[in-house]
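*Asks:* In the numbering used here, the protein residues as written are -13 to 293.
This is the structure:
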């Protein structure tokens, strides 16, 4: 095993132990390759995670090994690392989760064998007031990516009618995500109700393609599920620029709406996204400039009797 590597990250130095450990067996990239990827997309990953409680998906032996879901920052973390305390009323517990404020904290997480970053859709100023609505286009097993593209078009059209700005990205898997900044005036229950009302309207407009059926076993396997439940408290999905814990090292990558018709998510990996980022910059750079009020969607939720 090679000696530890030291990476300069701003005015900090982050040590990466076991740098030559292979993390992605289909491609051969190592822990050090993963760290260098996050350095290359630094502005983007920090923007996606900034000030949010963040669950870490760790793979101590690479993605072919066991995955560890970690909420709590462990003892022994560097004193400069920022955290945010979140409460779990159902269990009467709390957790001090990673709260990214600088790129060095992302690299610290990689040193701790983190591959995926799963932030909350609220920030530490008030963790109970989400500022992000997440539209998860989740294809069922017999639903092809062509359907994902068509439904994304419906989503884009409907957002335009509402006056909301959507920011699409690949999921790093088979689907697409669209994020919408919202005014942080509502709790998780209302944000979920609004997301449910939107999903129902997408289903009305594309009934042959879309399902909002709650139980997976009851869904048509050839349809796309608009997963409004991703807006529930403590439900998280991989952030923009997060690598996914799969052998191919795919990345959840911001795209433009113009790219949706031709995009192939498999092309976005830790080997290809850095050059794309250097060429295009962060396609989500303006996301905080457009906050949408949920009043219309909540009126739809009342109309549809959503609780």
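C-beta: ideal position from N, C-alpha, C; glycine also.
#1: Between the Cα of residue 185 and the Cα atoms of 202, 207, 206, 215, which residue gives the shortest distance?
#2: So, with DSSP's three-state summary, where would you put residue 31?
#3: In the DSSP assignment, what residue or residues form a beta bridge with residue 1?
#4: Is the number of C-beta pairs between the segment 99 to 106 and the segment 219 to 229 that are closer than 8 Å three or more?
#5: If you run the structure through DSSP and keep just helix, strand and coil, what is residue 278?
#6: What does DSSP give as the partner residues of residue 84 in its beta bridges?
#7: Please confirm whether residue 237 and residue 188 have their CB atoms less than 8 Å apart.
#8: DSSP on residue 292, reduced to helix/strand/coil?
#9: Where does the unbroken beta strand (DSSP E) through residue 193 begin, and where does it stop?
#10: Take residue 171 and list the residues in its own chain whose beta-carbon comes closer than 8 Å to its own, dropping the five residues that flank it on each side.
#11: Using the Cβ count rule (16 or more neighbours within 10 Å means buried), how would you classify residue 203?
#12: Please look up how many angstroms separate the CB atoms of residue 8 and residue -1, rounded, as I've assumed it's under 8 Å.
#13: In the DSSP output, what is residue 153 paired with across the bridge?
#14: When you compare the CB positions of residue 243 and residue 154, do they come within less than 8 Å of one another, or not?
#15: Give the range of the alpha helix (DSSP H) segment to which residue 233 is assigned.
#16: Applying the 10 Å Cβ sphere with the 16-neighbour rule, what's the burial state of residue 199?
#17: Starting from residue 102, follow the beta strand (DSSP E) in both directions and report where the run begins and ends.
#18: So does the segment 119 to 133 actually touch the segment 57 to 71, counting three or more Cβ pairs closer than 8 Å?
#19: With which residues is residue 56 paired in a DSSP beta bridge?
#20: Taking only three categories from DSSP, how would you classify residue 16?
#21: Would residue 234 pass as a contact of residue 45 if the rule is Cβ separation under 8 Å?
*Replies:* Taking the coordinates as given:
#1: Comparing Cα positions, the closest option is 215.
#2: In this structure, residue 31 counts as helix in the three-state DSSP scheme.
#3: Answer is -8.
#4: Verdict: yes, contact present.
#5: Residue 278: strand per DSSP, three-state reduction.
#6: Paired residue(s): 40, 69.
#7: Contact check for residue 237 against residue 188 fails: the beta carbons are separated by 8 Å or more.
#8: Looking at residue 292 - three-state DSSP - the assignment turns out to be coil, as it is neither helix nor strand.
#9: From DSSP, residue 193 is part of no beta strand (DSSP E); its letter is neither H nor E.
#10: Excluding its 5 nearest sequence neighbours in each direction, residue 171 has C-beta neighbours in its own chain below 8 Å: 115, 279, 280, listed in chain order.
#11: Exposed: under 16 other Cβ atoms inside 10 Å.
#12: Contact doesn't hold; Cβ gap of about 24 Å is too wide.
#13: In the DSSP assignment, residue 153 forms a beta bridge with 165.
#14: In this structure, residue 243 places its C-beta atom within 8 Å of the C-beta atom of residue 154.
#15: Taken as a continuous stretch (DSSP letters only), residue 233 belongs to no alpha helix (DSSP H), as it is neither H nor E.
#16: When all chains shown are included, residue 199 counts as exposed.
#17: Element bounds for residue 102: 100 to 105.
#18: As far as the Cβ criterion goes, the segment 119 to 133 does not touch the segment 57 to 71, which means the pair count is below three.
#19: BP columns for residue 56 point to 42.
#20: Reduced to three states, the DSSP call for residue 16 is strand.
#21: The Cβ-Cβ distance between residue 234 and residue 45 does not fall below 8 Å.
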